[in-house]
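Asks: Counting in the working numbering, the sequence shown runs from 2 upward without gaps. By construction, the Cβ of each residue, glycine as well, lies at the ideal position given by its N, Cα and C atoms. Since we're looking at a predicted model, the values are computed, not measured. Dropping the structure in here first, questions after.
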Amino acid sequence: MEIIKVLSSELSIPEEKARAAISLLDEGNTIPFIARYRKEVTGEMDDVTLRNLSERYEYLKGLEERKKSVLSSISEQGKLTPELELAIENAQKLTEVDNLYRPYKKKRKTRGSMAIEAGLAPLEKYLLAQNGSLASLYSEADKYINEEKGIPDRDAALKGAYDILAEEMSDVASFYDFAKSYIIRSGRLTSKQTKEDVENKYQTYASFSSFVKGIKNYQTLAISRGEKEKCLSVSFAYDHMTIINEIARKYLLRNSPYEKEIRSVCEDSYKRLIAPAVENEIRNDLFAKAEDASIIIFKDNLKQLLLSAPLKGKRVLGFDPAFINGCKLASVDSSGKLLHVGVIYPTIGGKEKKEESEKLLLSFIKNDKIDYIALGNGTASRESEAFINDVIKRNGLEVKLFIVNEAGASVYSASVLGGEEFPSLSVEKRSAISLARRLQDPLAELVKIDPYSLGVGQYQHDLDQKKLSSALHGVVEDAVNEVGVYLNNASSALLSYISGIGPSLAKTIEKYRDENGPFKSREELRKVSKLGPKAYEQCAGFLRIIDSNPLDNTSVHPESYKTSIALLAKLGFSLSQLNSEEAKSSLSNIKDYHSLAIELNVGEPTLKDIVQELIKPGRDIRLEAASATLSQEVTDMKELKVGQVLMGTVRNIVDFGAFVDIGVHQDGLVHISELSDKPVSSPLEVVHVNEIVKVKVISIDLPRKRIGLSIKQANVANPN
Numbered sequence: 002m003e004i005i006k007v008l009s010s011e012l013s014i015p016e017e018k019a020r021a022a023i024s025l026l027d028e029g030n031t032i033p034f035i036a037r038y039r040k041e042v043t044g045e046m047d048d049v050t051l052r053n054l055s056e057r058y059e060y061l062k063g064l065e066e067r068k069k070s071v072l073s074s075i076s077e078q079g080k081l082t083p084e085l086e087l088a089i090e091n092a093q094k095l096t097e098v099d100n101l102y103r104p105y106k107k108k109r110k111t112r113g114s115m116a117i118e119a120g121l122a123p124l125e126k127y128l129l130a131q132n133g134s135l136a137s138l139y140s141e142a143d144k145y146i147n148e149e150k151g152i153p154d155r156d157a158a159l160k161g162a163y164d165i166l167a168e169e170m171s172d173v174a175s176f177y178d179f180a181k182s183y184i185i186r187s188g189r190l191t192s193k194q195t196k197e198d199v200e201n202k203y204q205t206y207a208s209f210s211s212f213v214k215g216i217k218n219y220q221t222l223a224i225s226r227g228e229k230e231k232c233l234s235v236s237f238a239y240d241h242m243t244i245i246n247e248i249a250r251k252y253l254l255r256n257s258p259y260e261k262e263i264r265s266v267c268e269d270s271y272k273r274l275i276a277p278a279v280e281n282e283i284r285n286d287l288f289a290k291a292e293d294a295s296i297i298i299f300k301d302n303l304k305q306l307l308l309s310a311p312l313k314g315k316r317v318l319g320f321d322p323a324f325i326n327g328c329k330l331a332s333v334d335s336s337g338k339l340l341h342v343g344v345i346y347p348t349i350g351g352k353e354k355k356e357e358s359e360k361l362l363l364s365f366i367k368n369d370k371i372d373y374i375a376l377g378n379g380t381a382s383r384e385s386e387a388f389i390n391d392v393i394k395r396n397g398l399e400v401k402l403f404i405v406n407e408a409g410a411s412v413y414s415a416s417v418l419g420g421e422e423f424p425s426l427s428v429e430k431r432s433a434i435s436l437a438r439r440l441q442d443p444l445a446e447l448v449k450i451d452p453y454s455l456g457v458g459q460y461q462h463d464l465d466q467k468k469l470s471s472a473l474h475g476v477v478e479d480a481v482n483e484v485g486v487y488l489n490n491a492s493s494a495l496l497s498y499i500s501g502i503g504p505s506l507a508k509t510i511e512k513y514r515d516e517n518g519p520f521k522s523r524e525e526l527r528k529v530s531k532l533g534p535k536a537y538e539q540c541a542g543f544l545r546i547i548d549s550n551p552l553d554n555t556s557v558h559p560e561s562y563k564t565s566i567a568l569l570a571k572l573g574f575s576l577s578q579l580n581s582e583e584a585k586s587s588l589s590n591i592k593d594y595h596s597l598a599i600e601l602n603v604g605e606p607t608l609k610d611i612v613q614e615l616i617k618p619g620r621d622i623r624l625e626a627a628s629a630t631l632s633q634e635v636t637d638m639k640e641l642k643v644g645q646v647l648m649g650t651v652r653n654i655v656d657f658g659a660f661v662d663i664g665v666h667q668d669g670l671v672h673i674s675e676l677s678d679k680p681v682s683s684p685l686e687v688v689h690v691n692e693i694v695k696v697k698v699i700s701i702d703l704p705r706k707r708i709g710l711s712i713k714q715a716n717v718a719n720p721n
């Protein structure tokens with residue numbers, strides 16, 4: 002197999018570009034760096050394509066290594082035929098290679114191997130020859146009776162021969178291929194409730210049946226979890242005899258005197274040896290498919306969450322709601338620096354408590370000049386929201402209230418990083434700081450929290466944790482580098498995701514900054530110990546510095562500074578005029594990029610990127626923040642009524658729909674069928690995380706705490 006050709010065909014990438022991208026990866030270049038600064042080499046592959054290429058490349062390399070190992074093993078046994086070698090070379094999956102290797106694999110002790118050790122192989126050969134009569138077979142079997150070898154009678158001898166033949170049949174790769182194809186084509190996957198599911202947790206799958214080829218990914222994951230928790234029993238339903246007959250056709254001679262016996266062996270071989278392997282393989286394939294789909298959705302959700310709009314230059318008050326333990330307050334300045342912390346009790350007690358709480362809240366807002374309040378959406382959120390809105394209204398304040406998803410805030414608060422950042426504060430007060438900062442700059446704050454804790458996954462704990470972790474790390478890395486990081490105020494947690502840096506070097510950069518003061522230029526990064534030329538090349542373009550060389554506040558890479566200056570000079574401007582309206586106008590009116598790229602000796606894609614950065618130095622790709630206005634009429638699930646139309650925030654997207662926060666402490670589900678009047682193949686086509694949507698309540702299940710919502714029905718006039 003020529004890996005580059007396979008990659009080119011599968012991913013629809015020109016061979017030379019696939020080869021170039023792989024070469025860059027092998028040289029130690031990061032995906033964000035390649036995607037942003039090596040577009041000419043790769044044909045402008047984006048980070049998603051590059052990650053797919055990298056993952057597939059690693060799989061194919063592993064496949065080739067497995068083929069070499071298998072071919073070597075069979076060759077050493079002296080059993081490698083040209084036909085078998087070709088079949089192994091042409092295999093596209095590891096399971097195909099393993100099926101072909103099955104007959105030559107060293108086996109553990111089996112019924113068949115013990116029968117061979119007992120000397121029953123010739124009897125199996127006699128059976129397969131299919132000569133004589135049943136009486137002659139019995140007579141032949143009598144010759145092998147031997148108490149010392151564990152063959153006390155004729156039946157034991159025949160059973161041993163049958164076991165040898167059954168295992169011989171189970172070594173034929175084509176039987177597995179036929180069975181797998183047949184089951185996928187016409188079989189059904191079924192599940193039944195077990196006694197362990199006393200809470201009816203898997204009621205939907207208590208009596209479930211679906212064609213294998215039609216089962217949904219989320220159904221596969223749910224069934225697998227139910228089986229793991231011993232709440233469901235899972236099996237396949239299909240016509241076994243079709244497959245058994247296929248095996249029999251390969252062994253039975255015309256008018257065989259031993260047809261009944263051989264058919265019985267075929268049935269035993271299939272049900273005992275082949276079927277479990279085939280069915281497990283199908284289950285594994287279904288799970289792998291569902292796992293990949295789940296990871297894709299998780300990745301998309303996570304990236305949308307990370308790229309939520311920041312509130313630049315604003316002072317924010319974090320408000321972590323609660324009842325008995327009090328609401329925690331934390332104010333931060335426009336750079337995220339902590340100003341003050343406090344606790345108020347507006348959700349319990351009487352008038353006196355509320356008055357004290359209002360007084361402290363007002364002091365925070367006025368003394369710290371607060372622009373926005375970031376209110377967590379957890380316990381006591383609606384009660385706190387009503388209190389805050391009342392204070393704002395009665396005091397004529399300009400401050401704005403935002404509802405913030407607090408998923409993961411407590412995880413950060415109790416983390417080592419949280420302790421390092423605020424060692425003198427209690428865990429509870431740190432969560433209020435996290436809420437304030439995640440409204441100011443979601444990306445900078447959310448990278449401090451394990452993606453698993455951000456509430457945007459589907460069956461995440463059932464997935465391959467190494468695979469999922471790698472995928473999520475890639476998403477965070479891509480998001481951080483896509484936005485860029487201000488070097489002089491970035492935490493080590495944020496810096497660690499920058500191309501070429503990592504956790505250890507991030508700590509070293511932070512230490513250098515603490516000891517030497519703010520970086521004055523990107524070039525100064527070269528003075529950081531252990532940050533060599535390669536690391537500098539990889540990271541420099543993604544790090545921003547204000548008040549230095551204007552190009553240091555753009556994503557223009559230092560390797561393109563001369564080109565950028567030459568471009569400005571050609572248009573009649575100096576670097577100091579970069580932000581002028583005249584310079585921006587001239588840059589915006591460039592038409593012939595092709596000729597200009599040749600003149601400046603730079604690739605056309607790179608030139609276009611440079612121009613975009615020079616037009617808007619310091620630009621942020623993220624949009625302005627928005628927050629849903631939650632209904633004050635409904636604050637608890639018990640107050641909901643079918644037919645109500647409410648505003649909500651999309652908190653999580655799964656392949657069967659979207660979960661929306663409508664402010665009742667329980668997210669409602671908009672099933673994929675209720676997202677749009679038009680057919681929808683994926684919820685991601687219609688909604689995104691943190692989007693504000695109008696929904697209609699279409700079902701309420703209080704005992705199971707389930708709310709059914711509809712987006713497509715929300716715009717229809719309410720008949721009530």
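Grouping DSSP H, G and I as helix and E and B as strand, with all else coil, what is Met638?
Replies: By one-based count along the sequence shown, residue 638 stands at place 637. Met638 falls in the helix class under three-state DSSP.
Asks: To which residues of the same chain is Val476 closer than 7 Å at the C-beta, ignoring the five residues directly before and after it?
Replies: Translated into the one-based positions of the sequence shown, residue 476 becomes position 475. Spatial neighbours of Val476 in its own chain (CB-CB distance under 7 Å, excluding positions within 5 residues in sequence) are listed in chain order as Lys300, Leu303 and Lys304.
Asks: Residue ranges of each alpha helix (DSSP H) run of no fewer than 4 residues wholly in the region 407-448, ordered along the chain?
Replies: 410-414, 417-422, 428-441 and 443-447
Asks: Whole angstroms is fine: what's the gap from Gly573's alpha carbon to Ser295's?
Replies: For the purposes of this step, residue 573 is taken as the residue at position 572 of the sequence shown. For the purposes of this step, residue 295 is taken as the residue at position 294 of the sequence shown. Computed Cα separation, rounded: 52 Å.
Asks: Which same chain residues, not among the five before or five after Ser192, have their C-beta less than 6 Å away from its C-beta?
Replies: Within the sequence shown, numbered from 1, the residue matching residue 192 stands at position 191. Counting only Cβ-Cβ distances below 6 Å, and skipping sequence neighbours, we find Tyr206, Phe209, Ile224, Leu233 and Val235.
Asks: Are Leu8 and Ala19 closer than 8 Å when you measure CB to CB?
Replies: Residue 8 sits at position 7 when you count from the first residue of the sequence shown. Residue 19 sits at position 18 when you count from the first residue of the sequence shown. Taking 8 Å as the Cβ cut-off, Leu8 and Ala19 qualify as a contacting pair.
Asks: Whose CA, out of Ser493, Ser500, Pro534 and Leu101, lies closest to the CA of Asp515?
Replies: Working through the sequence shown from its first residue, we reach residue 515 at position 514. Closest option to Asp515, Cα to Cα, is Ser493.
Asks: Do you know offhand how far Arg103's Cα is from Thr96's?
Replies: Looking up residue 103 in the sequence shown gives position 102. Looking up residue 96 in the sequence shown gives position 95. Near 10 Å, if we compare the C-alpha coordinates of Thr96 and Arg103.
Asks: At the level of alpha carbons, what is the spacing between Asn721 and Val646?
Replies: Taking the sequence shown and counting its residues from 1, one reaches residue 721 at position 720. Taking the sequence shown and counting its residues from 1, one reaches residue 646 at position 645. Confidence in Asn721 is poor, its pLDDT being 44 and thus under 50, which makes the residue's placement unreliable; the coordinate value appears in the next sentence. Spanning the two alpha carbons is a distance of roughly 11 Å.
Asks: Compare the Cα-Cα distances from Tyr346 to each of Glu384, Ile371 and Ile366 and report the closest residue.
Replies: Within the sequence shown, the letter at position 345 stands for residue 346. Checking every option, the nearest Cα to that of Tyr346 belongs to Glu384.
Asks: Please look up how many angstroms separate the CB atoms of Val405 and Arg439, rounded, as I've assumed it's under 8 Å.
Replies: Counting from 1 along the sequence shown, the entry for residue 405 is found at position 404. Counting from 1 along the sequence shown, the entry for residue 439 is found at position 438. Contact between Val405 and Arg439 holds: their C-beta atoms lie close to 6 Å from each other, under 8 Å.
Asks: Report the residue from Lys94, Gly709, Pro534 and Gly619 whose alpha carbon sits nearest the alpha carbon of Lys313.
Replies: Mapped onto the sequence shown, residue 313 falls at position 312. Selection Lys94, Gly709, Pro534 and Gly619 evaluated against Lys313 yields Gly619 as nearest (Cα-Cα).
Asks: From Leu736 to Tyr487, what distance separates their C-alpha atoms?
Replies: What the structure shows of the chain is the stretch from 2 to 721, and residue 736 is not part of that stretch, so it cannot be assessed.
Asks: Assign Val7 to one of three DSSP states: helix, strand, or coil.
Replies: Start at 1 with the first residue of the sequence shown, and residue 7 comes out as number 6. It is helical.
Asks: Locate the alpha helix (DSSP H) running through Phe365, then write down its first and last residues.
Replies: Looking up residue 365 in the sequence shown gives position 364. It spans Lys352 to Asn368 - the alpha helix (DSSP H) in which Phe365 sits, taken as one unbroken run.
Asks: Please state whether DSSP places Ala718 in a helix, a strand or coil.
Replies: Within the sequence shown, numbered from 1, the residue matching residue 718 stands at position 717. Note that Ala718 scores a pLDDT of 49, beneath 50, so its modelled location is shaky; the value from the coordinates is reported in the next line. The answer is coil: DSSP assigns Ala718 none of H, G, I, E or B.
Asks: At a cut of 8 Å, does the region 247-266 reach the region 310-325 through at least three beta carbon pairs?
Replies: no
Asks: Would you list, in sequence order, the uninterrupted alpha helix (DSSP H) runs of no fewer than 4 residues that lie entirely inside the region 576-618?
Replies: 582-589, 594-601 and 605-616
Asks: Answer yes or no: do Pro684 and Gly649 have a C-beta to C-beta separation smaller than 8 Å?
Replies: What you label residue 684 is simply residue 683 of the sequence shown in a count that begins at 1. What you label residue 649 is simply residue 648 of the sequence shown in a count that begins at 1. Not a contact, by the Cβ cut-off of 8 Å.
Asks: Spatial neighbours of Lys401 within its chain, please: CB distance less than 6 Å, with the 5 preceding and 5 following residues excluded, ordered by chain position.
Replies: Numbered from 1 along the sequence shown, position 400 holds the residue referred to as residue 401. Closer than 6 Å at Cβ, skipping near neighbours: Tyr373.
Asks: What does a CB cutoff of less than 7 Å around Asp465 pick up in its chain, not counting 5 residues either side in sequence?
Replies: Within the sequence shown, numbered from 1, the residue matching residue 465 stands at position 464. For Asp465, where only same-chain residues beyond five positions count, the Cβ hits under 7 Å are Glu292.
Asks: Quick check on the DSSP output: the alpha helix (DSSP H) that includes Ser140 runs from which residue to which?
Replies: In the sequence shown, counting from the first residue as 1, residue 140 sits at position 139. Going by DSSP, Ser140 is part of the alpha helix (DSSP H) stretching over Leu135 to Asp143.
Asks: 8 Å is my cut-off, CB to CB: does Ala598 come that close to chain B?
Replies: Any reference to chain B falls outside this structure, which holds one protein chain only.
Asks: In chain order, which continuous runs of the alpha helix (DSSP H) of length 4 or greater are located wholly inside the region 473-560?
Replies: 493-496, 503-517 and 534-540
Asks: Give the range of the alpha helix (DSSP H) segment to which Cys267 is assigned.
Replies: Reading the sequence shown from its first residue, position 266 is the one you call residue 267. First-last of the alpha helix (DSSP H) with Cys267: Glu260 to Asp269.
Asks: Quick check on the DSSP output: what are the complete alpha helix (DSSP H) runs of length 4 or more inside the region 239-322, in order along the chain?
Replies: 241-252, 260-269 and 276-307
Asks: With 16 as the cutoff for other CB atoms within 10 Å, does Gln430 come out buried or exposed?
Replies: Stepping through the sequence shown from its first residue, residue 430 is reached at position 429. Sequence inspection shows Lys at residue 430; the Gln mentioned does not correspond to that position. Answer is buried; the Cβ neighbour count reaches 16.
Asks: So who's on the other strand from Gln194, going by DSSP bridges?
Replies: By 1-based counting over the sequence shown, the position of residue 194 is 193. Partner(s): Leu233.
Asks: Say whether the region 138-153 touches the region 185-200, bearing in mind that this needs 3 or more beta-carbon pairs closer than 8 Å, one atom from each stretch.
Replies: no
Asks: State the beta-bridge partners of Asn147 as determined by DSSP.
Replies: Along the sequence shown, one-based indexing puts residue 147 at 146. Its beta-bridge partners are Ile152.
Asks: Please identify the residue among Leu588, Asp548 and Ile547 whose C-alpha is closest to the C-alpha of Ile566.
Replies: Within the sequence shown, the letter at position 565 stands for residue 566. Nearest option by C-alpha distance: Leu588.
Asks: Could you check which residue in Leu469, Ala410, Glu422 and Asp463 has the C-alpha nearest to that of Leu447?
Replies: For the purposes of this step, residue 447 is identified with residue 446 of the sequence shown, where counting begins at 1. Of the candidates Leu469, Ala410, Glu422 and Asp463, the one whose C-alpha sits nearest the C-alpha of Leu447 is Ala410.
Asks: Is the beta carbon of Leu138 closer than 8 Å to that of Leu129?
Replies: For the purposes of this step, residue 129 is taken as residue 128 along the sequence shown, with counting starting at 1. For the purposes of this step, residue 138 is taken as residue 137 along the sequence shown, with counting starting at 1. Contact flag unset, no.
Asks: Determine the direct distance from the alpha carbon of Leu308 to that of Arg623, and round the result to whole angstroms.
Replies: Here the question's residue 623 lines up with position 622 in the sequence shown. Here the question's residue 308 lines up with position 307 in the sequence shown. Roughly 6 Å between the two C-alpha positions.
Asks: Please look up how many angstroms separate the CB atoms of Ser171 and Ser270, rounded, as I've assumed it's under 8 Å.
Replies: Translated into positions along the sequence shown, residue 171 becomes position 170. Translated into positions along the sequence shown, residue 270 becomes position 269. Rounded, the Cβ-Cβ distance is 5 Å, consistent with contact.
Asks: Determine the direct distance from the alpha carbon of Lys697 to that of Ala718, and round the result to whole angstroms.
Replies: Translated into the one-based positions of the sequence shown, residue 718 becomes position 717. Translated into the one-based positions of the sequence shown, residue 697 becomes position 696. Note that Ala718 has pLDDT 49, beneath the 50 cutoff, so the model's placement of it is unreliable and no number is given.
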